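Novice:
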Amino acid sequence: MTKKEWMKIKEEEERNPDLKVRNDVVRNYVENHGKPMSRRELLASGVKTFSAAMTLPSIYNVMANAGVAEAEELVCSKGGNTDLVPMVTLSLSGGAGLSGNWVPHDAGRQLLPSYNRLGMGATSQLVVDRTEFGGAPFIASSQILAGIRANSATSTRGGTAFLGVCVVSQDDSSNNKFDITGMAAKAGLEGSLLKNLGTRQTETGTKHQYAFVQPPTPLVVGRYDDIVGALGVAGSLNALNSNQKSRLFKMVEDLST
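All residue numbers for the sequence shown refer to our numbering, where the first residue is 24 and numbers rise by one.
#1: With a threshold of 6 Å on Cβ separation, who are the neighbours of residue 168 within its own chain once the five nearest residues in sequence on each side are excluded?
#2: On the CB-based measure, 16 or more other CB atoms within 10 Å of its CB, does residue 220 come out buried or exposed?
#3: Buried or exposed: where does residue 229 fall if 16 or more other Cβ atoms within 10 Å of its Cβ makes it buried?
#4: Could you give the DSSP three-state label for residue 236: helix, strand or coil?
#5: Measure the alpha-carbon distance for residue 180 versus residue 200 and round it to whole angstroms.
#6: Is it right to say residue 69 is buried, meaning 16 or more other beta carbons lie within 10 angstroms of its own, or is it exposed?
#7: So which of 233, 225 and 236 has the shortest CA-CA distance to residue 242?
#8: At which residues does the alpha helix (DSSP H) containing residue 172 begin and terminate?
#9: For residue 208, which three-state DSSP category applies?
#10: Pick out whichever of 264, 125, 249 and 152 has its Cα sitting closest to the Cα of residue 222.
#11: By Cβ distance, which residues of its chain are closer than 7 Å to residue 239, with the 5 residues on each side in sequence left out?
#12: Would you list the one or two residues that DSSP bridges to residue 138?
#13: For residue 242, name the three-state secondary structure that DSSP assigns.
#14: Taking the C-alpha atoms as reference points, what is the distance between residue 143 and residue 123?
#15: Given that a residue counts as buried once 16 or more other Cβ atoms are within 10 Å of its Cβ, and exposed if not, what is residue 191?
#16: Terminal residues of the continuous alpha helix (DSSP H) containing residue 178?
#17: Beta-carbon within less than 6 Å of residue 130's beta-carbon, same chain only, minus the 5 sequence neighbours each way: which residues are those?
#18: Could you check whether residue 153 and residue 145 sit closer than 8 Å to each other, using their CB atoms as the reference points?
#19: How should residue 32 be labelled, buried or exposed, when 16 other C-beta atoms within 10 angstroms of its C-beta is the threshold for buried?
#20: What are the residues that DSSP puts in a beta bridge with residue 162?
#21: Run the CB neighbour count on residue 251, radius 10 Å, all protein chains shown included, and call it buried at 16 or more, exposed below.
#22: What does the alpha-carbon distance come out to for the pair residue 127 and residue 156?
#23: For residue 25, count neighbouring C-beta atoms within 10 Å of its own C-beta (all shown protein chains included) and say buried if the count is 16 or more, exposed if not.
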């Protein structure tokens with residue numbers, strides 16, 4: 024911008040105070056913000072690492088949070104400290120499930136004539152790994168299986184089972200009825216304190232619609248502290264004894280279902 028152009032803008036601002044206010048907002052934004060960046064540039068800047076670290080609480084926050092102690096007291100009174108989550112739903116949207124990982128079978132539990140469309144090749148050359156997870160039929164070359172094994176203990180895998188359900192789907196659509204949380208809850212697989220957790224403001228708490236049975240109303244959580252807050256109490260409610268707190272949580276649960 025030339026000096027002449029700058030002087031002209033200043034003159035217009037003196038005649039029109041509203042224009043000066045708008046221009047000041049623009050100047051402040053330009054001076055304090057970097058240039059726009061693409062998605063690739065954003066990821067390359069380290070935002071993925073930062074976001075992953077941000078979701079985990081520090082040990083100092085955990086020790087200082089009274090809600091954690093409350094949650095620990097409630098959980099220990101309801102079950103053992105080795106209890107696992109009844110069921111976890113992994114939504115493989117965005118391309119995570121493009122390559123074949125799970126080996127579907129026919130109604131008689133026999134291999135299909137071909138798995139070419141799943142990228143697994145001919146049936147005669149298929150290697151199925153059933154050594155863990157209740158005999159779940161993973162293809163031996165599955166990278167999801169490899170990742171799970173690399174990041175879990177043998178005892179955890181021994182207490183975990185996988186269930187595969189073949190369905191007709193649409194490409195990355197929220198109209199897919201993939202969520203089986205409702206059926207699992209009806210079968211008795213649900214949390215003893217928090218019935219259902221989700222990450223989205225939907226009926227299922229996930230990107231997908233429910234299949235056949237509507238699940239318990241999910242508590243939408245985005246971080247560890249959300250769960251701690253749901254298990255603990257704050258303010259004057261801390262004066263309640265354990266029995267009163269349990270009755271309070273039961274009442275809230277009944278009102279939410």
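Positions of the beta carbon are idealized from the N, C-alpha and C atoms, including for glycine.
Here the structure is a predicted model, which means the values were calculated and not measured.
Specialist: If we stick to the structure as given:
#1: Numbered from 1 along the sequence shown, position 145 holds the residue referred to as residue 168. So the list reads 161, once near-sequence residues are dropped.
#2: The residue given as residue 220 occupies position 197 in the sequence shown. By the neighbour-count criterion, in which 16 or more other beta carbons inside 10 Å mark a residue as buried, residue 220 falls on the buried side.
#3: Residue 229 sits at position 206 when you count from the first residue of the sequence shown. The residue is buried, with at least 16 neighbouring Cβ atoms inside 10 Å.
#4: Residue 236 sits at position 213 when you count from the first residue of the sequence shown. Assigned with DSSP and collapsed to three states, residue 236 falls in coil, not helix or strand.
#5: The sequence position of residue 180 within the sequence shown is 157, counting from 1. The sequence position of residue 200 within the sequence shown is 177, counting from 1. In a straight line, the C-alpha of residue 180 is about 27 Å away from that of residue 200.
#6: Along the sequence shown, one-based indexing puts residue 69 at 46. A caution first: residue 69 carries a pLDDT of 47, below 50, which makes its placement in the model unreliable, though a value can still be read off. Result: exposed.
#7: Numbered from its first residue, the sequence shown carries residue 242 at position 219. The shortest C-alpha separation from residue 242 is found at 225.
#8: Looking up residue 172 in the sequence shown gives position 149. Here the alpha helix (DSSP H) through residue 172 covers 166-173.
#9: Mapped onto the sequence shown, residue 208 falls at position 185. Helix.
#10: Numbered from its first residue, the sequence shown carries residue 222 at position 199. For the residues 264, 125, 249 and 152, the minimum Cα distance to residue 222 belongs to 249.
#11: Here residue 239 refers to the residue found at position 216 of the sequence shown. Taken in chain order, the residues that qualify are 208, 213, 218, 219 and 280.
#12: Position 115 of the sequence shown, counted from the start, is the residue given in the question as residue 138. According to the DSSP secondary-structure assignment, residue 138 is paired through a beta bridge with 144.
#13: Within the sequence shown, numbered from 1, the residue matching residue 242 stands at position 219. Residue 242 carries a strand assignment under DSSP once its states are collapsed to helix, strand and coil.
#14: For the purposes of this step, residue 143 is identified with residue 120 of the sequence shown, where counting begins at 1. For the purposes of this step, residue 123 is identified with residue 100 of the sequence shown, where counting begins at 1. Approximately 6 Å, taken between the alpha carbons.
#15: On the sequence shown, position 168 is the one that residue 191 refers to. Exposed, by the Cβ-count rule.
#16: Residue 178 sits at position 155 when you count from the first residue of the sequence shown. Residues 177-181.
#17: Reading the sequence shown from its first residue, position 107 is the one you call residue 130. No residues qualify anywhere along the chain.
#18: As a working mapping, residue 145 is identified with position 122 in the sequence shown. As a working mapping, residue 153 is identified with position 130 in the sequence shown. Not closer than 8 Å, so no.
#19: Numbered from 1 along the sequence shown, position 9 holds the residue referred to as residue 32. Residue 32 comes out exposed.
#20: The residue you call residue 162 lines up with position 139 of the sequence shown. Answer by DSSP bridge pairing, in chain order: 151.
#21: Indexing the sequence shown from 1 puts residue 251 at position 228. Buried, since its Cβ has 16 or more Cβ neighbours within 10 Å.
#22: Taking the first residue of the sequence shown as position 1, residue 127 is located at position 104. Taking the first residue of the sequence shown as position 1, residue 156 is located at position 133. Using only the alpha carbons, I get a separation of about 15 Å.
#23: Taking the sequence shown and counting its residues from 1, the one referred to as residue 25 is at position 2. By the beta-carbon neighbour count (other beta carbons within 10 angstroms, threshold 16), residue 25 is exposed.
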